[in-house]
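Novice: Mapping the sequence shown onto the numbering used here, position 174 (from 1) lands on 174, and the numbers just tick up by one.
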Amino acid sequence: MDELRSSVTLANEKIKHYYDLKHRAPEDIRVGDKVWLDARNIKTERPVVKLSAKKIGPYEVLRKEGTHAFKLELPHTLWVHPVFHTSLVSLKKEDPFGRDPPQPPAEVTPDGEEEYEVEKILDSRKRRNQIQYLVHWKGYGPESHTWEPLEHLDTAMGAVRKFHWENPQALRHPDLEEGVVS
1 MDELRSSVTL
11 ANEKIKHYYD
21 LKHRAPEDIR
31 VGDKVWLDAR
41 NIKTERPVVK
51 LSAKKIGPYE
61 VLRKEGTHAF
71 KLELPHTLWV
81 HPVFHTSLVS
91 LKKEDPFGRD
101 PPQPPAEVTP
111 DGEEEYEVEK
121 ILDSRKRRNQ
131 IQYLVHWKGY
141 GPESHTWEPL
151 EHLDTAMGAV
161 RKFHWENPQA
171 LRHPDLEEGV
181 VS
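#1: With a cut-off of 8 Å on the beta carbons, I'd call threonine 146 and valine 135 a contact; round off their distance for me.
#2: Looking only at C-alpha atoms, which of Ser52, Tyr18, Gly158 sits nearest to lysine 120?
#3: Helix, strand or coil for lysine 120 per DSSP?
#4: Here's a check: name, in chain order, each residue in its chain whose Cβ is nearer than 6 Å to the Cβ of serine 182, leaving out the five neighbours to either side.
#5: Once the 5 residues before and after lysine 92 are set aside, which same chain residues still bring their CB inside 8 Å of it?
#6: Could you pull the start and end residues of the alpha helix (DSSP H) that glycine 234 belongs to?
#7: Go ahead and label serine 144 buried or exposed: buried means 16 or more other beta carbons lie within 10 angstroms of its beta carbon, across all protein chains shown.
#8: Measure the alpha-carbon distance for leucine 4 versus leucine 88 and round it to whole angstroms.
#9: Between the Cα of lysine 126 and those of Arg30, Glu148, Glu65, spot the shortest distance and give me the residue it belongs to.
#10: Figure out for me which residue from Asn41, Leu150, Lys64, Val61 has the closest Cα to the Cα of valine 80.
#11: On the premise that tyrosine 140 lies in contact with threonine 153, defined as a C-beta separation below 8 Å, what is that separation, rounded to the nearest angstrom?
#12: Which of the three DSSP states is assigned to lysine 64 in this structure?
#13: Determine the DSSP secondary structure at alanine 69, reduced to helix, strand or coil.
#14: Under 8 Å, do glutamate 65 and glutamate 73 count as touching if we go by C-beta distance?
#15: Secondary structure at glycine 158, three-state DSSP: helix, strand or coil?
#16: Since glutamate 148 is in the beta strand (DSSP E), which residue starts that stretch and which ends it?
#17: First and last residue of the alpha helix (DSSP H) that includes leucine 134?
#18: What did DSSP end up calling valine 181 once you bin it into helix, strand or coil?
Written out as structure tokens, the structure is:
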């Protein structure tokens, strides 16, 4: 009888061990934290699924929904419901070695073109008779700033409007009216 009990105990310990390998305890995630989102259930327009990112983000947690879900602030191009189970999100941690985090992948538009999100316009200049804007890309550092013509910023007119509001003396594209940005 003791041998039977020890066999059952050993079997239960093995079951627990293998269960714990796949089921992790939920991380201590709070509102305002940045989290990575598991992308296995998110469809993209990328031609090869194998080359898609395994995790996307980081995204900010807007609020906790119930005991096992979080509502995230997602970009407008990601057409999915913004509430995700805790098993699909993981807390963004600072790298202990001070390395740069992986850069977020470009969002793919329905036309199949890659689109990066503009966080802020920093400056404007005139090059080859064309007005260009210095762009700070969301999720990237200062080394990734680029000079872009207005034609490349059609989805970021709010950032251009804000830049000209804060810097009224800055060079302005001729298609933009003085004081009003369409």
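Glycine residues also receive a C-beta, built at the ideal position from the N, C-alpha and C atoms.
Specialist: For this structure:
#1: Confirmed, Cβ separation roughly 6 Å.
#2: Shortest Cα-Cα distance from lysine 120 to any of Ser52, Tyr18, Gly158 involves Gly158.
#3: strand
#4: For serine 182, the predicted structure reports a pLDDT of 45, less than 50, and the residue's modelled location is therefore unreliable. A value from the coordinates is still provided. Excluding sequence neighbours, serine 182 sits near nothing in its chain.
#5: Asp33, Lys34, Val35, Trp36, Gly57, Pro58, Pro101
#6: As shown, the chain starts at 1 and ends at 182. That puts residue 234 outside it, with no answer to give.
#7: exposed
#8: Their Cα atoms are separated by approximately 40 Å.
#9: Glu148
#10: Out of Asn41, Leu150, Lys64, Val61, Asn41 has the C-alpha closest to the C-alpha of valine 80.
#11: The question names threonine, yet the displayed sequence has leucine at residue 153. Between tyrosine 140 and leucine 153 the Cβ distance is about 16 Å, and since that is not below 8 Å, they are no contact.
#12: When DSSP states are grouped into helix, strand and coil, lysine 64 belongs to the strand group.
#13: The DSSP-derived three-state label of alanine 69 is strand.
#14: Their beta carbons are not under 8 Å apart, which means glutamate 65 does not touch glutamate 73 by this criterion.
#15: helix
#16: 146-149
#17: Counting along the chain, leucine 134 falls outside any alpha helix (DSSP H), though it belongs to the beta strand (DSSP E) covering 130-137.
#18: With a pLDDT of 45 at valine 181, under the threshold of 50, the modelled position of that residue is not reliable, and no figure is offered here.
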